[in-house]
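Residue numbers for the sequence shown follow this note's numbering, beginning at 3 and rising by one. All C-beta atoms, glycine included, are put in the ideal place defined by N, C-alpha and C.
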Amino acid sequence: MTTGKAAIFVEPYRFEMAELPVVPIEPGGIRVKITTGGICGSDLHFWRGEIEPFVSGAPGPVILGHEMAGFVDQMASDVASDSIGQPLKEGDRVVFPYFFPCHRCYNCLRGEFNHCPVRFRFRASINEFPYCNGGFSEYYYLFPGHFVFKVPAELSDSAVAGVNCAVAQVIYGWREGGLQMGDDVVIQGAGGLGINAAAAARHMGAGKVIVIDGQPGRLELASQSGADHTIDLNEYDTPDARIERVKELTNGRGGDLVMEVVGYPQVVSEGIDMVRRGGTYIEVGNIWPNSNVTLDVSKILWGQVKIVPVTHYDPYILPVAMEFLSRTKDTFPLTNVMSHSFPLEEIGKAFEQSEWLGKEEGSTITRAFVTP
Ligand SMILES: [Zn+2]
Ligand SMILES: [Zn+2]
């Protein structure tokens with residue numbers, strides 16, 4: 003039997019290497035050989051044990067990782083093209099949404115693929131088909147009919163590894179929030195999502211782009227990625243000071259759109275106070291249960307603030323995101339994000355490195371990747 007390497011997440015802070023079955027593909031299926039797996043902030047939450055990974059089907063150990071690049075290793079004979087009609091063959095580099103809309107539910111029927119209730123099919127126990135399947139293994143399986151897109155030659159594997167998470171997520175967020183030319187935007191958080199959000203807003207025609215964070219290196223990167231103004235938490239060290247600063251920078255109004263990509267509920271109330279009357283708050287980061295927050299709803303009502311929650315994205319955003327990276331590769335430093343690369347066997351070290359990168363003074367979007 004053919005097997006593939008995988009790093010199995012056994013318990014917090016511990017992976018174990020294993021060889022898992024690689025089985026024949028179904029009609030319509032595609033098996034991707036992974037070349038680069040990025041460590042996402044959400045992987046770090048699982049690793050620290052702050053939350054259990056969602057598992058579809060029977061419980062059991064799983065393979066983490068959902069940001070990746072790779073090429074078509076094998077595809078069913080009835081697959082001939084990618085999802086926008088470009089001819090597809092074995093060996094072609096591809097990206098794809100890491101979640102799997104079922105096409106057989108009310109949300110899918112309405113075209114709301116990102117709300118499909120069974121979209122987490124990708125993270126099943128290693129004892130279930132397709133076994134060797136995850137960002138931190140040798141293979142990722144695309145179920146029949148799944149969306150898949152060829153990668154243009156000018157984008158490297160490490161440049162596109164985050165396309166299916168951070169890049170697509172923020173472009174979709176601005177779209178759902180209704181960003182229009184000239185809108186002033188505020189971004190809470192300058193991690194991977196925040197940096198991409200600044201560049202995307204600039205590229206989409208925003209007016210002022212204002213980014214808030216506490217790490218000088220990240221703020222510097224935000225400035226290189228389209229931010230006109232940065233607000234350093236060390237300098238503006240209370241919510242009131244930061245709200246005041248945002249108003250100063252927006253002629254007393256507040257942002258037309260404010261996006262939360264910090265991932266902690268404490269920042270939400272402050273962020274809503276940064277929205278102009280009639281503006282929009284785009285909530286992206288607080289994905290964990292019990293992200294509780296106390297809100298003064300009268301402020302939302304009298305301020306006519308719209309709150310737009312955004313998780314996942316429509317699949318068509320993926321080619322849009324790659325086009326954005328191609329067009330802006332000489333303008334913004336978004337395609338050069340790999341700072342460290344580890345073989346899959348050293349995945350523990352890769353996670354420690356990522357954890358350290360997140361805390362380090364001067365830390366930037368650059369981060370660790372693993373290579374099967
Ligand atoms: Zn991610
Ligand atoms: Zn569905």
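inquiry  = Here's a check: name, in chain order, each residue in its chain whose Cβ is nearer than 7 Å to the Cβ of V25, leaving out the five neighbours to either side.
reply    = The sequence position of residue 25 within the sequence shown is 23, counting from 1. Closer than 7 Å at Cβ, skipping near neighbours: F131, P132, Y133.
ask   = What separation, rounded to the nearest whole angstrom, lies between the Cα atoms of S139 and E69?
value = Taking the first residue of the sequence shown as position 1, residue 139 is located at position 137. Taking the first residue of the sequence shown as position 1, residue 69 is located at position 67. Each residue's alpha carbon lies about 12 Å from the other.
inquiry  = Check this for me: beta carbons of V172 and A208, under 8 Å apart or not?
reply    = Your numbering for residue 172 matches position 170 in the sequence shown. Your numbering for residue 208 matches position 206 in the sequence shown. Contact flag unset, no.
query = Which value, in whole angstroms, describes the spacing of the CA atoms of S300 and F56?
reply = For the purposes of this step, residue 300 is taken as the residue at position 298 of the sequence shown. For the purposes of this step, residue 56 is taken as the residue at position 54 of the sequence shown. Taking the straight line from one Cα to the other gives about 35 Å.
ask   = Taking DSSP as the reference, what is the three-state secondary structure of H105?
value = Here residue 105 refers to the residue found at position 103 when the sequence shown is read from its first residue. Coil, per DSSP.
message = By the three-class DSSP mapping on this structure, what secondary structure does G364 have?
response = In the sequence shown, the residue the question calls residue 364 occupies position 362. Confidence at G364 is low in this model, with a pLDDT of 46, below 50, so the placement of that residue should be treated as unreliable; the coordinate-derived value is given next. Coil, per DSSP.
key: Cβ-based neighbour list, M206, same chain, cut-off 7 Å, excluding 5 preceding and 5 following   = What you label residue 206 is simply residue 204 of the sequence shown in a count that begins at 1. Counting only Cβ-Cβ distances below 7 Å, and skipping sequence neighbours, we find W176, L181.
Cβ contact check for the segment 73-90 and the segment 32-40: 3 or more pairs under 8 Å = yes
inquiry  = Can you tell me where the alpha helix (DSSP H) holding R112 begins and where it ends?
reply    = Taking the sequence shown and counting its residues from 1, one reaches residue 112 at position 110. Here R112 belongs to no alpha helix (DSSP H), and DSSP marks it neither H nor E.
request  = Could you check which residue in I274, A229, R255 has the C-alpha nearest to that of P241?
outcome  = Here residue 241 refers to the residue found at position 239 of the sequence shown. Comparing Cα positions, the closest option is I274.
ask   = How many angstroms separate the CA atom of G254 from the CA atom of G305?
value = As a position in the sequence shown, residue 254 is number 252, starting the count at 1. As a position in the sequence shown, residue 305 is number 303, starting the count at 1. Cα to Cα, G254 sits roughly 14 Å from G305.
message = Given the structure, does C167 come close to ligand 2, in the sense that its CB is under 7 Å from one of the ligand's heavy atoms?
response = Here residue 167 refers to the residue found at position 165 of the sequence shown. The answer is no for C167.
message = With three or more beta-carbon pairs closer than 8 Å as the criterion, would you say the segment 352-360 touches the segment 41-61?
response = yes
query = For M19, does the three-state DSSP call read helix, strand or coil?
reply = Here the question's residue 19 lines up with position 17 in the sequence shown. Strand, per DSSP.
key: Straight-line Cα distance separating K91 from N135   = As a first step, residue 135 is located in the sequence shown; it is residue number 133 there, counting from the start. As a first step, residue 91 is located in the sequence shown; it is residue number 89 there, counting from the start. About 21 Å.
ask   = How close, in whole Å, do the beta carbons of Q190 and V312 come, if the pair is a contact with beta carbons under 8 Å?
value = Numbered from its first residue, the sequence shown carries residue 190 at position 188. Numbered from its first residue, the sequence shown carries residue 312 at position 310. No, Q190 and V312 are not in contact; Cβ-Cβ is about 14 Å, not under 8 Å.
ask   = Just how far apart, CA to CA, sit V150 and P89?
value = Indexing the sequence shown from 1 puts residue 150 at position 148. Indexing the sequence shown from 1 puts residue 89 at position 87. If I take the Cα positions, the gap works out to 11 Å.
inquiry  = Using DSSP's beta-bridge definition, name the partner residues of M77.
reply    = Residue 77 sits at position 75 when you count from the first residue of the sequence shown. Answer is I32, bridged to M77.
query = Shortest alpha-carbon distance to G228 belongs to which of F101, A163, V187?
reply = Taking the sequence shown and counting its residues from 1, the one referred to as residue 228 is at position 226. Of F101, A163, V187, the residue nearest in Cα terms is V187.
request  = Counting only the same chain and skipping the five closest in sequence on each side, list residues whose C-beta sits under 8 Å from that of A168.
outcome  = Here the question's residue 168 lines up with position 166 in the sequence shown. These residues qualify, in order along the chain: C42, E69, G194, L195, N198.
key: Element boundaries [beta strand (DSSP E), containing P14]   = Locating residue 14 in the sequence shown gives position 12, where the first residue counts as 1. Careful: P14 lies outside any beta strand (DSSP E) and carries neither H nor E.
query = Which one of I233, L22, E250 has the shortest CA to CA distance from N129?
reply = Locating residue 129 in the sequence shown gives position 127, counting from the first residue. Of the candidates I233, L22, E250, the one whose C-alpha sits nearest the C-alpha of N129 is L22.
query = So is the beta-carbon of R106 under 7 Å away from any non-hydrogen atom of ligand 4?
reply = Ligands in the displayed structure: ligand 1 and ligand 2; ligand 4 is not one of them.
query = Roughly how many whole angstroms lie between the Cα atoms of I86 and V96?
reply = Residue mapping note: residue 86 aligns to position 84 of the sequence shown, counting from 1. Residue mapping note: residue 96 aligns to position 94 of the sequence shown, counting from 1. Rounded to the nearest angstrom, the two C-alpha atoms are 12 Å apart.
message = Can you find the residues in the same chain that come closer than 6 Å, C-beta to C-beta, to F334, ignoring five residues on each side of it along the sequence?
response = In the sequence shown, the residue the question calls residue 334 occupies position 332. Same-chain partners within the cutoff: A201, S227.
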